[in-house]
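Since the structure comes first, as structure tokens, the remarks are kept for the end.
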Amino acid sequence: MSAPLLTASGLTRVFGHGRNAVHAVDDVSFTLGRQEVVTIVGESGSGKSTLARLVLRLLDPTAGTLALDGRDITALKGSALRAYWRDVQAVFQDPFSAFNQFFTVRRLLARSLRLSGATEDRGEALMGQALDHVGLSARDVLDKWPHQLSGGQRQRVMIARALMLQPRVLVADEATSMLDASLRANILNVLGDLRRDYDMTILFITHDIGQACYVSDRVLVMCQGRLVEQGPTDEVIFNPRHEYTQRLLADVPRLHDTTLG
Amino acid sequence: MRMVRFTPRFWISAGVFLLVAAFALLGPIFVGDKLGEGVGGLYDPPSGAAWLGTDDLGHDIFTNLVFGTRTSLIIGLVAGAVATVIGVVLGLIAGYHGGVVEEALMGITNVALAIPGIVVLILLSVALDFRSIVAMAIVIAITSWPWTARAVRAQASSVKTREHLDVARLSGASTLNILLWDVLPYLMSYICMAFVLQVSSAILAEAGLSLLGLGPSDSVSLGIMLNWALVGESVRTGAWWAFVPPTLLLTFVAFTLLMLQSSLDEVFNPRLRRGRQRAGRPASVLTQVGAPAVDARSKEGSPGA
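First to last, the protein sequences are chains A and B. If you're matching positions, the first sequence starts at 45 in the working numbering and goes up one per residue. If you're matching positions, the second sequence starts at 23 in the working numbering and goes up one per residue.
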């Protein structure tokens, strides 16, 4: 693999002061290679969402640096930060609270399009294309309000939103955990296609080690703000070295053991 | 989902308030421009010529009432609007920004809350040589914004946890744009209610100040009428028509606005809605009386499901 696309080194985020200080993310370093799908797994409270927000620059790190394509982006502000968001986009966990209920889908998408500076006609085409890619028709959803869409449709609109900007890195923070099983597979497949079709690198964040196994090339395991293990998916799943990873894997229900055992 | 359904209570209280406003605005057409003119003697009782009698200067009380209501309503609305704007701006910034900004703004708000409003009101009123209606309104607004600021801050910081703000930021929206389009709409119902309360308390504050003789100069308001009645010893002379009408009207306006506020609460918060649906299910009333604990739990559990 050539030079990594995104490099995080020593990322730390502390909330609170003194004795109440919480190290939500503690000295985390990792890289994302081009077109790689990397999953961060960990139980709730392990700091994975904080890490996602740090990578997205929605939250400032207490210490550590982030670099995209070798360029330090830790302290970007204003228009430079907007330019960064053209390259790095996200899909969030909750398809309900991710929508402003006072905006139609069209307005939501148009707002994001302003980042890319596309003209109106071109924007319309981009919206249609992106919605098409996630299996929605522009004619059906563009003028709908969020409450007129189902959870799965909403999540796909959110993916379309990120897609439209054709980012180089997509952060999917628990993007499938609020969906039912059949939709989840559908969304995971959409994400998989994206990597191929759009030359996209995906940082997938989940508490579900099964999903991690399904989608990713590499797995990073987080526990209490620290990165305790990382490696190729198969290696981490079948040959876990850290005790926490072993525990996570042991908690996965095993159908074979109970039905055939 | 967020269908706003106006309840009868809302229509009644809004209608009554509009009636009072119409009385103040359209009243002059019927009473003519007799403000400040002597139409009779000292405390003439109500008659065909002067429907509510005359005051200590022989002026028509009904005319005073019409113009006084107008002044009181203007002061109430202007003061309510100014206080709401100050409160919303400070509360929004504090709630959205968090951290040091929030601490500082809420510190200022709490200090403003801790200073007794009536003292500031009196000092400010005394300090002004000529008190115009707008100046009065602003003086009242200065002492009444902190409650709105606190309520708005609390609401804003709960909206802040929603992911759509992150989506907005990732879309490159500016802070002002986010506050206006992503936070403010979620608070509109609270702001409406806070505004109505502010108007009602501003009208009462004006009446209190005016009663003490610190009302707007060169005009008549409901409070000033009370002040005249007090100074003119109407109570001792039994001239009830000098102080009963303004008192009743003040009470009426304040009551209507409070009812409007609580009916808005029902409109925006359907769980508070009363009437047909409840009445049609006597069984649930029984459960509520019999097992309040169970009912409370099931209510709490429902929104998550």
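All C-beta atoms, glycine included, are put in the ideal place defined by N, C-alpha and C.
- Residue range T245 to T250 is occupied by the beta strand (DSSP E) that includes I249 (chain A).
- For a Cβ distance threshold of 8 angstroms, nothing in chain B lies close to N283 (chain A): the least Cβ distance comes to about 36 angstroms.
- By the neighbour-count criterion, in which a residue is buried when 16 or more other Cβ atoms sit within 10 angstroms of its Cβ, I281 (chain A) is buried.
- Rounded to the nearest angstrom, the gap between the Cα atoms of L57 (chain B) and G90 (chain B) is 10 angstroms.
- In the three-state reduction of the DSSP assignment, A68 (chain A) falls in the strand class, which pools E and B.
- With contacts defined as CB atoms closer than 8 angstroms, A178 (chain B) and G113 (chain B) qualify as a contacting pair.
- Contact annotation, R31 (chain B) with S285 (chain B): C-beta distance approximately 4 angstroms; criterion of less than 8 angstroms satisfied.
- Within chain A, L102 have C-beta atoms less than 7 angstroms from the C-beta of R191 (chain B), given in sequence order.
- Out of B:L236, B:S147 and B:N86, the CA that lies nearest to the CA of A264 (chain B) is found in B:N86.
- Nearest Cα to D104 (chain A) within the set A:T83, A:R78, A:A68 and A:V135: A:A68.
- Note: S53 (chain A) is bridge-paired with A:T109 in the DSSP secondary-structure output.
- For A65 (chain A), there are no C-beta contacts with chain B under 8 angstroms, since the nearest C-beta of that chain is about 15 angstroms from it.
- In terms of Cβ geometry, D187 (chain A) and R150 (chain A) form a close pair [threshold 8 angstroms].
- Scanning its chain for C-beta atoms nearer than 8 angstroms, with the 5 sequence neighbours on each side dropped, one finds around N199 (chain B) the residues A190, in chain order.
- Within the same chain, Cβ atoms closer than 8 angstroms to the Cβ of G63 (chain B) are found at T76 and G80, the five residues on either side in sequence being excluded.
- Residues of chain A with a Cβ closer than 8 angstroms to the Cβ of D55 (chain B) do not exist, since the nearest Cβ in that chain sits about 47 angstroms away.
- Annotation: the continuous alpha helix (DSSP H) that includes P267 (chain B) extends over W262 to F290.
- In this structure, DSSP gives G275 (chain A) an extended state, which the three-state scheme calls strand.
- When rounded, the separation of the alpha-carbon atoms in A96 (chain A) and H61 (chain A) is 22 angstroms.
- Inter-segment contact for the segment 145–162 of chain A and the segment 199–219 of chain A is present: three or more beta-carbon pairs are separated by less than 8 angstroms.
- Within the same chain, and ignoring the five residues on either side of R130 (chain A) in sequence, the residues whose Cβ sits closer than 8 angstroms to its Cβ are L159, S160, L209 and P211.
- Across the segment 170–195 of chain B, CB contacts with chain A closer than 9 angstroms involve T183, R184, E185, H186, L187, D188, V189, A190, R191, L192, S193, G194 and A195, in sequence order along the chain.
- In this structure, the beta-carbon distance from G109 (chain B) to A216 (chain B) falls below 8 angstroms.
- An exposed status is given to T197 (chain B), since fewer than 16 other beta-carbon atoms sit within 10 Å of its beta-carbon.
- Residue pairing by DSSP puts R270 (chain A) in a beta bridge opposite A:C267.
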